[in-house]
Structures are given as C-alpha cells and as structure tokens.
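Following this note's numbering, the numbering of the sequence shown begins with 4 at its first residue and continues without gaps.
Ideal Cβ placement from N, Cα and C applies to all residues, glycine included.
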Amino acid sequence: MRHTISVLVDNKPGVLARVAGLFSGRGFNIESLSVNETLDPSMSQMTIITRGDDRILEQINKQLNKLIDVIKVIDFQSGECRFIGRELALIKVNVGDHRRAEILSIIDIFRGKVVDVSRNHYTVEVTGDEEKIGAIIDLFKPIGIKEIVRTGTATLPRENKPE
Numbered sequence: 004m005r006h007t008i009s010v011l012v013d014n015k016p017g018v019l020a021r022v023a024g025l026f027s028g029r030g031f032n033i034e035s036l037s038v039n040e041t042l043d044p045s046m047s048q049m050t051i052i053t054r055g056d057d058r059i060l061e062q063i064n065k066q067l068n069k070l071i072d073v074i075k076v077i078d079f080q081s082g083e084c085r086f087i088g089r090e091l092a093l094i095k096v097n098v099g100d101h102r103r104a105e106i107l108s109i110i111d112i113f114r115g116k117v118v119d120v121s122r123n124h125y126t127v128e129v130t131g132d133e134e135k136i137g138a139i140i141d142l143f144k145p146i147g148i149k150e151i152v153r154t155g156t157a158t159l160p161r162e163n164k165p166e
C-alpha cells in the first residue's frame, strides 16, 4: 500500500541525510520526497511517499519519531488526517507543424502552460495530483516526449469542515 508521510523537522544540515538513511538502512524505498522550509525558518517539512503494509509503516513512524531532529510525524493514510497533495512536472514535448494545435489543446484541457518554445519542442508546465500528471504524460507519449522532470508531492492537511 502506498503511504504519504509528512515529517516536520529541525532545519539543520544533515537532517535529510539521517531521514533518508533511516529508510535505506531498513530497506524501505522513498518513491517521492519533497522538502521545504516552513514559515518558521528553523523548521522544514518533508513529504515522503513510500510503500509498505501497515506493519512496515508503523515501524517507519516509530523510527522517525526516535530521530532527535524530528518534531512531528503525520501519516496521511492513517485515516486521521485528510490532505491536499500536488506536484509539478516540466515536460519537453516534440512538436511538428501538424501537431501544434493538438498539443496546445491538451495543455489547455489540463490547465498547463507553455513555458518555453523552440522550433522542435514545447516545454510544458503542469501541476496537479499524481493521476493528473500521469494522464497528461500518457497523452504526450504517442506525440513524443523528449524529457520530463517532476517534483515530489507537496502536501498540506485539510482543515476540518465547520459543523
């Protein structure tokens, strides 16, 4: 099962290496990682996406909480916390004169934007959840993708609805 974990940590050198080392040292894979400073510059938020059953995730959470620089760990899959997650992709798509309109139509449908143009390529920026990014990539594959870069997922917990 796929899990999204938010880890609030001290913003100090070596913290990222210790968290990544915890995962690799125990044979866990990090599928996606996003780290940014919070409003408080002394702290950073890590969003980690990994796979494993509930037993493995429980072990990961316990090990993370043992690290000195870890302030708070939230497992978004625990059911206690719903979240909003987004990632950014930059996709360099091959263009020919006969495909330009089709490519621009796809970009418009996905609310993306062209951020660079050359004679043979458009560089497209698109943000959204993983499914949205995957869908636009699937549509561009038959056209021809030259290059792709993706950020890790950035997450925020949803606020509780007022009753």
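- Message: By the three-class DSSP mapping on this structure, what secondary structure does ASN97 have?
- Response: strand
- Item | Neighbourhood of VAL98 by C-beta distance below 7 Å, restricted to the same chain and skipping five residues each side | ILE106, ASN123, HIS124 and TYR125
- Message: Between HIS101, VAL96 and GLY28, which has its C-alpha nearest GLY115's C-alpha?
- Response: VAL96
- Message: If we require 4 or more residues per run, which alpha helix (DSSP H) segments fall completely within the region 72 to 144?
- Response: 103 to 112 and 133 to 143
- Can you say whether GLU150 is buried or exposed, counting buried as having 16 or more other CB atoms within 10 angstroms of its CB? exposed
- Message: Only counting the same chain, and skipping five residues up and downstream in sequence, which positions put a Cβ closer than 8 Å to that of ILE148?
- Response: Once the five neighbours on either side are set aside, the close Cβ partners of ILE148 are ILE94, LYS95, VAL96, ASN97 and ILE140.
- Query: Going by alpha carbons, who is nearest to ILE109 out of ASN68, PHE143, THR154 and ASP57?
  - Reply: PHE143
- Query: Excluding the five sequence neighbours on either side, which residues of its own chain have a C-beta within less than 8 Å of the C-beta of LEU67, listed in chain order?
  - Reply: Around LEU67: ILE8, VAL10, VAL22, LEU25, VAL73 and VAL76.
- Host beta strand (DSSP E) of SER47 (start-end): 46 to 54
- Message: Assuming contact is defined by CB atoms lying nearer than 8 Å, are THR130 and ARG89 in contact in what I supplied?
- Response: yes
- Message: Measuring straight from C-alpha to C-alpha, what distance separates ALA189 and GLY28?
- Response: Look at the range of the chain in this structure, 4 to 166, and you will see that residue 189 is not part of it.
- Task: Report the partner residues of ASN39 according to the DSSP bridge assignment.
- Result: DSSP lists GLN48 as partners of ASN39.
- Roughly how far, in whole angstroms, is the beta-carbon of PHE86 from the beta-carbon of THR158, given that I think they are within contact range, below 8 Å? 5 Å
- Task: Just mark ILE112 as buried or exposed, buried being the case when its beta carbon has 16 or more other beta carbons within 10 Å.
- Result: exposed
- Item | Beta-carbon proximity of GLU34 to ARG54, cut-off 8 Å | Cβ atoms of GLU34 and ARG54: closer than 8 Å.
- Exposed or buried, which one is HIS101 when buried takes at least 16 other CB atoms within 10 Å? exposed
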